[in-house]
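J.: Heads up, the sequence shown is in my numbering, so the first residue is 521 and it goes up one at a time.
Quick one: the structure is below, and I'll ask about it shortly.
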Amino acid sequence: MRFHVDGTPVEVAARPGQCLRTLLREQGHTAPKKGCDAGDCGACTVLVDGGAVHSCVYPAHRAEGREITTAAGLSETEQPSELQRRFLGNAAFQCGFCTAGMLVTATELAAAGTLDPEGLPEALKGNLCRCTGYRSIADALTSPPPESAACESTPGAVRGGCAGRPAADPDARAECTNESSTDASSAAGGLGRGGGGVGDGVGAPAGPRIVRGAEPFTMDIAAEGSGSGRAPVGEVLHLEVLRSPHAHARIVRIGTAAAEAVPGVRAVLTYADVPAVAYSTARHQIREDDPDDTVMLDRTVRFAGQRVAAVVADSLRAARAGCRALTVEYEVLPAVFEAPAALAEGAPVLHAGKGPESRIADVRRNIVAEVHGRAGDVAAGLSAAAEVVQGVWETQRVQHVHLETHASIGWLDADGRLVLRTSTQVPFLVRDELARILGLDRDAVRVFAARVGGGFGAKQEMFTEDLVALAVLRTGQPVQYELTRTDEFHTTCRHPMRVEVTAGADGDGLLTALAVDVIADAGAYGNHSAGVLFHGLSESVALYACANKRVDGRAVYTNNVPSGAFRGYGLGQVMFGVECALDELARRIGLDPFEFRRRNVVRLGDPLIGGHCEPEPDLEIVSYGLDQCLDLAQRALRRGNGVPAPGPDWLVGEGMAPAMIATVPPRGHHSTAHVALLPDGGYELRVGTAEFGNGTTTVHAQLAATVLGVAPAHVRVRQSDTDVAGHDTGAFGSTGITVAGRATHAACELLRERILARASALTGLPAESHVLEPGGVRVRDLFLPAAELLADGPLEGAATHGGTPRSVSFNVHAFRVAVHPGTGQVRILQSVQAADAGTVLNPVQCRGQVEGGVAQAIGTALYEQVRTARGVVTTETLRHYHIPQFGDVPYTEVYFAETSDPLGPLGAKPMSESPYNPVAPALANAVRDAIGERPHRLPMTADRVWELAGRVRAVTETPSHPVL
């Protein structure tokens, strides 16, 4: 059939049942992305004769004779279209995986004249974004068009202004000003605001490619070229996995003959074909931090959806046919699905027979990891309290829903080395573990990431790389494996937790005792459970200065989908319980919740007593902005925003919660950066950290530009490739700035010194009389170009940061909500977050991280839940899993405290994970304030809130005297 794509004629035969998206991508048009395969997310949106369609559900044969337009064809010239310029000018993306589809939909709306603010929630409900929180997208679609296309080199090209309320509010403008950022930039000798260095809202270097759909993600190998070294040469085989239908079973036998006979099948892998090496899917700097309780294909399956066998074939269709042809005989075993039941005497032992080498805390009791800490005398503290609150709070399974699913492509290079292109946050740790599992030397394995379409912790694990690597070695050919959206729901989730809190305070509102007992459902495998448990019980408890603390926590195996790393890494779950309990305690004491926190939170100089009830030796409060955050959030609530309740029958309430997080994860996080002067006067910066919407590429370029006196466009960043950069532990725990950023800044400082020293040697004048300028060095009236400086050899700088010592950052969230007691509907009237981010290196980008974290947390608090039935995940598509859509997310006022932390690069603190943590308890506290009954379970769905409100109605409507 014949049709046009972006104005170019195409003649191709569509396969029976093929969708338009796969047809387009097979022809090299990679702007439409795969996010759901069900028409739910909009990442694949294209125009068909000017009308927007989800190409993953649009039959390919219907393209006959039509004009197909992808994001790459939205502009008739080489310059971006008006809407593309707006997206660039408003930083309306983070990872960028959804952006091409979002722009295509917006283009149709603009052409129809329906791009109005009131209609956007309905018009864009079919285009999901997991990163931004939609505010920057709304700004892009409703703002006047920029005068010129913004790009990474244009200082101030990204709009930002005040990061809190609209600039028309003079009080808000003052509160949004972060003078520490300006001071730090000036002190560093950088460009200051407006020059593209630290403190400017510089756009992402990949921005112009992202808005055209041209930035390559993992599976976009057609955009790379086979000679680039970043894509395989020749045809790529496809891998598909057969998953267990049983929650707990032993595989008696697997019949492979029929599968091997399927045309196109090249290999079938079962438990008999994999290395007998135990490992953890979780990745940390110290691999022994996680239990070795997993093998690549196990003869015992412990959750419904576990991998049973893998088929490698010429096509995905053949691989799936091969999976269907496999015959598996199971011996079904007893299963346990509730964590408390798994702890009980006589419960099935899920990992029986595994010894100390597995590093499982208590195999016989199904305990992956546990923590117990005591400080002071909790019983005495409770006895001395004027008021005591005790309760249990429960959190649910939540899916990450990064729009790019897990995917890997592997091949052997010309030297026979194993190469993996994979969607990961931790390429170096993946390389090291693959080498260990497969018995290879580390130098025989290369792992790299292209741009990653979101992660939120889920890509700190190995879910595709191990099978792809084994398949490549088995077949000798390139192999790819891409999870479907349904696969993602069967692969990992956030840890569900049962959080029991007991807290007491005296008549003045000072805490006398705080006890926390947590049971975390690890699921079938331990992966991140130890780290999540320890971290969740750390800063959530250490935030409060209380002499008497008791902490108990256990992560427990069940026959559920394994729980893993998720934004906040356990803090969000535990803080939900702690902050709700303390809010109730403040009510009983008669104190405003802000004032209660002021009287009890830690301050500069206080020890941080968390889960182990003793200070961590390298963690302290180095800078402090919590007091400012409390003031900023409280003032914003008092000032209001003029948004009324929908009607007189709605109940209005306010709530708040603070949060604290360490600026670097414990037990080591390392990063090495290299920077070199180039003959054209630019610089090449090589760092290991990955870019997945966290903005590290932009900030690293800004840090280098600030030190080296150039615009960010003159800094070429190469990253997340084990062949290109020195070791990097990975992009998790918000370390892209605080660890990798420190290494980048130090490497650039060293290079700056070496350049000036080289210039001094050439001129014979003192080094301090030379000035580093774009393109070279100036001394008096003489300019030494870069090429002349390099005549005597290369000029480079390298530095490593080890992630210690560590500081803390703070966030405070506050809500004003309206609740309809007759339906349980919750409307957010005002949303405020104040953040202690230290020096805000890029205020627009930092604001976006806060907004995105808040939006994701609102989803956790109100909508999202992975449902299971006897261990079987029943939530398998996005249409049955409600992540926030455009119309669900309120405008959040974002305020920054004025602090500078000497442990961060130029005084910066991280702000990727922490905005998520205080949102759910703040929202729950606001709902409690509105209806008079406290929520104890997440999500706070309308039916649950209605039930709570009904209890209040039942009490208030009960007659005070008998009815005769």
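By construction, the Cβ of each residue, glycine as well, lies at the ideal position given by its N, Cα and C atoms.
The model shown is predicted, which means the values in this text are computed figures rather than measured ones.
Could you say if the region 1012–1031 and the region 952–966 meet the contact criterion of at least three C-beta pairs nearer than 8 Å?
T.: The region 1012–1031 vs the region 952–966: no contact.
J.: May I have the straight-line CA-CA distance separating residue 890 from residue 1227, to the nearest angstrom?
T.: Translated into the one-based positions of the sequence shown, residue 890 becomes position 370. Translated into the one-based positions of the sequence shown, residue 1227 becomes position 707. If I take the Cα positions, the gap works out to 45 Å.
J.: Determine the closest residue to residue 1198 out of 1182, 1113, 1307, 1222, with distance taken between C-alpha atoms.
T.: Indexing the sequence shown from 1 puts residue 1198 at position 678. Checking every option, the nearest Cα to that of residue 1198 belongs to 1307.
J.: So for residue 521, helix, strand or coil by DSSP?
T.: Mapped onto the sequence shown, residue 521 falls at position 1. The answer is coil: DSSP assigns residue 521 none of H, G, I, E or B.
J.: Below 7 Å CB to CB, which residues in the same chain sit around residue 657 once its five sequence neighbours on both sides are set aside?
T.: Indexing the sequence shown from 1 puts residue 657 at position 137. Once the five neighbours on either side are set aside, the close Cβ partners of residue 657 are 612, 622, 649.
J.: Classify residue 1466 as helix, strand or coil using the three-state DSSP reduction.
T.: The residue labelled residue 1466 in the question sits at position 946 within the sequence shown. The answer is helix: DSSP assigns residue 1466 an H, G or I state.
J.: From residue 1073 to residue 1043, what does the alpha carbon distance come to, in whole angstroms?
T.: Numbered from its first residue, the sequence shown carries residue 1073 at position 553. Numbered from its first residue, the sequence shown carries residue 1043 at position 523. C-alpha separation (whole angstroms): 16 Å.
J.: Smallest Cα separation from residue 895: which of 1267, 557, 874, 1062?
T.: Walking along the sequence shown from the start, residue 895 turns up at place 375. The candidate whose alpha carbon is nearest that of residue 895 is 1062.
J.: Is residue 748 closer than 8 Å to residue 784 when the C-beta atoms are compared?
T.: Position 264 of the sequence shown, counted from the start, is the residue given in the question as residue 784. Position 228 of the sequence shown, counted from the start, is the residue given in the question as residue 748. The answer is no: Cβ separation not under 8 Å.
J.: Kindly indicate which three-state DSSP category residue 528 falls into: helix, strand or coil?
T.: Translated into positions along the sequence shown, residue 528 becomes position 8. Strand, per DSSP.
J.: Alpha carbon to alpha carbon, what distance is there between residue 1373 and residue 1221?
T.: For the purposes of this step, residue 1221 is taken as residue 701 along the sequence shown, with counting starting at 1. For the purposes of this step, residue 1373 is taken as residue 853 along the sequence shown, with counting starting at 1. Roughly 24 Å between the two C-alpha positions.
J.: What does residue 587 pair with, by DSSP beta-bridge criteria?
T.: As a first step, residue 587 is located in the sequence shown; it is residue number 67 there, counting from the start. Answer is 524.
J.: Where residue 1408 and residue 644 are concerned, what is the direct C-alpha to C-alpha distance, given to the nearest angstrom?
T.: Working through the sequence shown from its first residue, we reach residue 1408 at position 888. Working through the sequence shown from its first residue, we reach residue 644 at position 124. Those two C-alpha atoms are separated by around 11 Å.
J.: Please go through the same chain and pick out, in chain order, the residues whose beta-carbon is closer than 8 Å to the beta-carbon of residue 1190, but skip the five residues on each side of it.
T.: The residue given as residue 1190 occupies position 670 in the sequence shown. Excluding residues within five positions, the ones whose Cβ falls inside 8 Å are 805, 1247, 1248, 1249, 1259, 1320, 1321, 1322, 1323.
J.: If we require 4 or more residues per run, which alpha helix (DSSP H) segments fall completely within the region 711–751?
T.: For the region 711–751, whole alpha helix (DSSP H) runs of length 4 or above, ordered along the chain, are 727–730.
J.: How long is the line joining the alpha carbons of residue 1173 and residue 1024, rounded to whole angstroms?
T.: In the sequence shown, residue 1173 corresponds to position 653, counting from 1. In the sequence shown, residue 1024 corresponds to position 504, counting from 1. The alpha-carbon atoms of residue 1173 and residue 1024 are separated by roughly 24 Å.
J.: Return yes when the Cβ of residue 996 is within less than 8 Å of the Cβ of residue 932, no when it is not.
T.: By one-based count along the sequence shown, residue 932 stands at place 412. By one-based count along the sequence shown, residue 996 stands at place 476. Closer than 8 Å, so yes.
J.: Between the alpha carbons of residue 1141 and residue 1326, how many angstroms are there, rounded?
T.: Residue 1141 sits at position 621 when you count from the first residue of the sequence shown. Residue 1326 sits at position 806 when you count from the first residue of the sequence shown. Spanning the two alpha carbons is a distance of roughly 8 Å.
J.: Bridge partners for residue 1179 per DSSP, in chain order?
T.: Here residue 1179 refers to the residue found at position 659 of the sequence shown. Residue 1179 is bridged to 1331.
J.: Should residue 1390 be labelled buried (16 or more other beta-carbon atoms within 10 Å of its own) or exposed?
T.: Position 870 of the sequence shown, counted from the start, is the residue given in the question as residue 1390. With fewer than 16 other Cβ atoms within 10 Å, it is exposed.
J.: Run through DSSP, which three-state label would residue 1070 get?
T.: Residue 1070 sits at position 550 when you count from the first residue of the sequence shown. Residue 1070 falls in the strand class under three-state DSSP.
J.: Under 8 Å, do residue 598 and residue 971 count as touching if we go by C-beta distance?
T.: Along the sequence shown, read from residue 1 onward, the residue named residue 598 stands at position 78. Along the sequence shown, read from residue 1 onward, the residue named residue 971 stands at position 451. For residue 598 and residue 971, no; Cβs fall outside 8 Å.
J.: Beta-carbon separation of residue 1175 and residue 1381 under 8 Å?
T.: What you label residue 1175 is simply residue 655 of the sequence shown in a count that begins at 1. What you label residue 1381 is simply residue 861 of the sequence shown in a count that begins at 1. Cβ distance not < 8 Å, so residue 1175 and residue 1381 don't count as in contact.
J.: If you reduce the DSSP assignment to three classes, tell me which class residue 1055 lands in.
T.: For the purposes of this step, residue 1055 is taken as the residue at position 535 of the sequence shown. If DSSP states are grouped into helix, strand and coil, residue 1055 belongs with the helices.
J.: Between residue 1131 and residue 913, how many whole angstroms is the CB-CB distance? I'm expecting something under 8 Å.
T.: Looking up residue 1131 in the sequence shown gives position 611. Looking up residue 913 in the sequence shown gives position 393. So it is not a contact: roughly 17 Å between Cβ atoms.
J.: Among the residues of its own chain, which have a CB less than 6 Å from the CB of residue 945, if the five just before and after it don't count?
T.: Residue numbering aside, residue 945 sits at position 425 when the sequence shown is read from its first letter. 975, 979, 980, 1210, 1250, 1251, 1252.
J.: State buried or exposed for residue 540, treating a residue as buried only when at least 16 other CB atoms are found within 10 Å of its CB.
T.: For the purposes of this step, residue 540 is identified with residue 20 of the sequence shown, where counting begins at 1. By the neighbour-count rule (16 or more Cβ atoms within 10 Å), residue 540 is buried.
J.: If I measure Cβ to Cβ from residue 618 and keep anything under 6 Å in the same chain, skipping five residues before and after, which residues do I get?
T.: Counting from one through the sequence shown, the residue named residue 618 turns up at place 98. Excluding residues within five positions, the ones whose Cβ falls inside 6 Å are 563, 649, 923.
J.: Measuring only the C-alpha atoms, how far is residue 1051 from residue 1186?
T.: Position 531 of the sequence shown, counting from 1, holds the residue named residue 1051. Position 666 of the sequence shown, counting from 1, holds the residue named residue 1186. Near 9 Å, if we compare the C-alpha coordinates of residue 1186 and residue 1051.
J.: Spatial neighbours of residue 875 within its chain, please: C-beta separation below 7 Å, excluding the five flanking residues on both sides.
T.: Numbered from its first residue, the sequence shown carries residue 875 at position 355. So the list is empty, once near-sequence residues are dropped.
J.: Starting from residue 1248, follow its DSSP beta bridges and name the residues at the other end.
T.: Position 728 of the sequence shown, counting from 1, holds the residue named residue 1248. The partner list for residue 1248 (beta bridge, DSSP) reads 1191.
J.: For residue 1325, which three-state DSSP category applies?
T.: Position 805 of the sequence shown, counting from 1, holds the residue named residue 1325. Of the three classes helix, strand and coil, the one that applies to residue 1325 here is coil, per DSSP.
J.: Tell me the DSSP secondary structure of residue 1008 in three-state form.
T.: Mapped onto the sequence shown, residue 1008 falls at position 488. Correct three-state label for residue 1008: helix.
J.: Please report the distance separating the alpha-carbon of residue 897 from that of residue 1119.
T.: Within the sequence shown, numbered from 1, the residue matching residue 897 stands at position 377. Within the sequence shown, numbered from 1, the residue matching residue 1119 stands at position 599. If I take the Cα positions, the gap works out to 21 Å.
J.: Could you tell me the alpha carbon to alpha carbon distance between residue 1093 and residue 1086, rounded to whole angstroms?
T.: Counting from one through the sequence shown, the residue named residue 1093 turns up at place 573. Counting from one through the sequence shown, the residue named residue 1086 turns up at place 566. If I take the Cα positions, the gap works out to 11 Å.
J.: Look at the alpha carbon of residue 1358 and the alpha carbon of residue 1155, and state the distance between them as a whole number of angstroms.
T.: As a first step, residue 1358 must be located in the sequence shown, where it is residue number 838. As a first step, residue 1155 must be located in the sequence shown, where it is residue number 635. Spanning the two alpha carbons is a distance of roughly 20 Å.
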